[in-house]
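Undergrad: Quick one: structure below, then a few questions.
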Amino acid sequence: MKKKIISVVFALFVMASTYSFTENDAIPIYKSFGCGIFNMVGHPVIQYLDNNSAIITWFTSSMGSGYIEYGETQQLGKVARHEIDGLYSSGSAMHRAFLKDLTPGTKYFYKATTLRTTTDYLFTGKKIETQTYSFTTPDADEHSFRFAIVSDTHDQPAIVSRLAAIAKQNSAQMFIFNGDSLNFTTSHKQIVRNIFTPLGELSAEIPVFFMRGNHETRGKSAGELRNFIYTPENGFYFMFRRAGSSLLILDGGEDKPDDHKEYRGLVNYENYRKRQTAWLEKTLATDSWKNSNFKIAINHIPIWQKDSDVIYIKSKEWQHTWLEMLENGKTDILFSAHTHRYEKRLPGAESGHNFYQLIGGARPNKNTLTLVEVTQTQIKIKVFTDDDVLIDEFEIRK
Ligand SMILES: [Fe+2]
């Protein structure tokens, strides 16, 4: 009986993190993600997955009208197609489908089909189909969850591909970019080719969460990034639960003051972070967060204050505030990046905080992939370089 009560409570927590679709939003219009003959650009990208829904986005070289066929066998049988006011989406090379009423803990097969459309009267022409992929919805009472975090790949698709291969061979169930995937966000093609395409088939099999670093806040296409993500709270900061633990995703914005010449008077991150601070206060007070087995935070810029720290990450008011809030919220570990130097800071006076903080590495050293397995009683962490060398391994136990 006790077990049944526990599982009902757990199911409520899972539901609390379920995303409410905004499927009535128009798909952004992009005329092209490639060149030459009409074809797929990369593989589909699972942008969100919970125990009963999935959001899949894919890209073609020119505009078309697409749909996902899916089902519990390779025969598929169901169709998800984006429609607004009776019209199927047909004027963009970006395609998105919302799969609903999925069964928890179930393997689904799917493929994406796209009909080429021409501009004047939206005539359909050539039809292209992907191979058949599969993904598995989380169990409502899953007991463990394994995810991979990378960062600071800075427009290097070859490194992303190497990191994706490591995630795949270690059976990661989610892939998280923790910022600075780009140097400057200058075009929609760059976003797709340097972030999603290099993931290969991995992006079609497990959800990919893209978090913003300070570098993606710069460049003429920085405002377009929102078109390429789907998150549980429809923005760059949000919280979700897996396997009884919570993951808190934060967006520290840029690493310089708003009035720095780098931004030419075009940013207002100070107010953005204040709104986020208010959201953080509410989120850390929820039962969902407070009753988590483990409390995991992720933010691109490290959050600490030390006299020896370099100026561009040093002691800012928002860092003091968030540090205190995360400590009061009993955070177990914070994953950050930005310095390009792999570092493990242990809880205590030396680090300046009472939780673990793991900072991902990048050039001129090796990029790192951190593999995190969360169970009911421990967090197991392995850190690999992009040439697949294990450089650190440790556990956090309750
Ligand atoms: Fe950075």
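If you read the sequence shown in the numbering used here, its first letter stands for residue 11, the second for the next number, and so on. A virtual CB, placed ideally from N, CA and C, is assigned to each residue, including glycine.
(1) Taking the CB atoms as reference points, tell me whether lysine 41 and alanine 107 lie closer together than 8 angstroms.
(2) Going by the C-beta, is glycine 76 closer than 7 angstroms to any heavy atom of ligand 1?
(3) Where tyrosine 29 and leucine 257 are concerned, what is the direct C-alpha to C-alpha distance, given to the nearest angstrom?
(4) Taking only three categories from DSSP, how would you classify valine 51?
(5) DSSP beta-bridge partners for arginine 355?
(6) Taking the alpha-carbon of isoleucine 337 as reference, which of Tyr352, Ile311 and Gln367 has the nearest alpha-carbon?
(7) Output yes or no for whether 8 angstroms exceeds the beta carbon distance between glutamate 403 and isoleucine 391.
(8) To the nearest whole angstrom, what separates the beta carbons of tyrosine 118 and tyrosine 80, a pair I think is in contact under 8 angstroms?
(9) Could you name the residues whose beta carbon sits closer than 7 angstroms to any heavy atom belonging to ligand 1, keeping them in chain order?
(10) Quick check: the segment 231-244 against the segment 194-214, are there 3 or more CB pairs under 8 angstroms?
(11) Please state the DSSP three-state secondary structure of aspartate 151.
(12) Using C-beta distances below 7 angstroms, list every residue in its chain close to phenylalanine 248, excluding the 5 sequence neighbours before and after it, in chain order.
(13) Quick check on the DSSP output: the beta strand (DSSP E) that includes glutamine 388 runs from which residue to which?
(14) Hey, would you say alanine 122 sits closer than 8 angstroms to threonine 140, going by beta carbons?
(15) Please classify arginine 285 as buried or exposed, where buried requires at least 16 neighbouring CB atoms within 10 angstroms.
(16) Since valine 393 and isoleucine 406 are thought to touch, with beta carbons under 8 angstroms apart, how far apart are those beta carbons, to the nearest angstrom?
(17) For glycine 254 versus tyrosine 282, is the C-beta spacing smaller than 8 angstroms?
(18) Which whole-angstrom value describes the C-beta separation of threonine 124 and isoleucine 138, a residue pair presumed to lie in contact below a C-beta threshold of 8 angstroms?
(19) Using the Cβ count rule (16 or more neighbours within 10 Å means buried), how would you classify histidine 153?
(20) By DSSP, does valine 160 sit in helix, in strand, or in coil?
(21) In angstroms, rounded to a whole number, what distance separates the CA positions of valine 382 and tyrosine 120?
(22) Roughly how many angstroms lie between the CA atoms of methionine 221 and glycine 96, to the nearest whole one?
(23) Which first and last residues belong to the alpha helix (DSSP H) in which serine 181 is found?
(24) For a test of the three-state rule: what should DSSP assign to asparagine 188, helix, strand or coil?
(25) Are the CB atoms of serine 63 and lysine 110 within a distance shorter than 8 angstroms?
(26) Could you tell me the boundaries of the beta strand (DSSP E) in which lysine 137 lies?
(27) Can you tell me which of the three DSSP states aspartate 402 falls into?
(28) Ordered along the chain, which non-local residues of its own chain (more than five positions away) have a Cβ less than 7 angstroms from that of glycine 275?
(29) Straight-line CA distance for proline 114 to alanine 182?
(30) Just to confirm my understanding: we take glycine 210, look at its own chain, exclude 5 residues before and 5 after, and list those with CB closer than 7 angstroms. What are they?
(31) Can you tell me which of Ile65, Lys340 and Gly370 puts its alpha carbon nearest to the alpha carbon of isoleucine 311?
(32) So what does DSSP say about threonine 331, is it helix, strand or coil?
(33) What's the call for threonine 83, buried or exposed, on a 16-neighbour Cβ count within 10 Å?
(34) Check whether the Cβ of arginine 222 lies closer than 8 angstroms to any Cβ atom in chain B.
(35) Taking only runs of the beta strand (DSSP E) that begin and end inside the segment 230-261, which ones reach a length of at least 3 residues, in chain order?
(36) Over the uninterrupted beta strand (DSSP E) stretch that includes glutamate 79, give me the two end residues.
TA: Inspection of the coordinates gives the following:
(1) no
(2) no
(3) With a pLDDT of only 47 at tyrosine 29, under 50, the local geometry of the prediction cannot be trusted, and the value read off the model is given with reservation. In a straight line, the C-alpha of tyrosine 29 is about 15 angstroms away from that of leucine 257.
(4) coil
(5) Gln367
(6) Per the sequence shown, residue 337 should be read as glutamate rather than isoleucine. Nearest of Tyr352, Ile311 and Gln367 to glutamate 337, Cα basis: Gln367.
(7) yes
(8) 5 angstroms
(9) Asp162, Gly189, Asp190, Gly223, Asn224, His225, Asp265, His310, Ile311, Ala347 and His348
(10) yes
(11) coil
(12) Thr241, Pro242 and Ile259
(13) 388-395
(14) yes
(15) exposed
(16) Valine 393 to isoleucine 406, Cβ: 14 angstroms. No contact.
(17) no
(18) 5 angstroms
(19) exposed
(20) strand
(21) 27 angstroms
(22) 33 angstroms
(23) Run containing serine 181: none; DSSP gives neither H nor E here.
(24) strand
(25) yes
(26) 134-139
(27) strand
(28) none
(29) 18 angstroms
(30) His53, Ser171 and Ala174
(31) Gly370
(32) helix
(33) exposed
(34) Absent from the structure: chain B. Only one protein chain is present.
(35) 248-252 and 255-259
(36) 64-81
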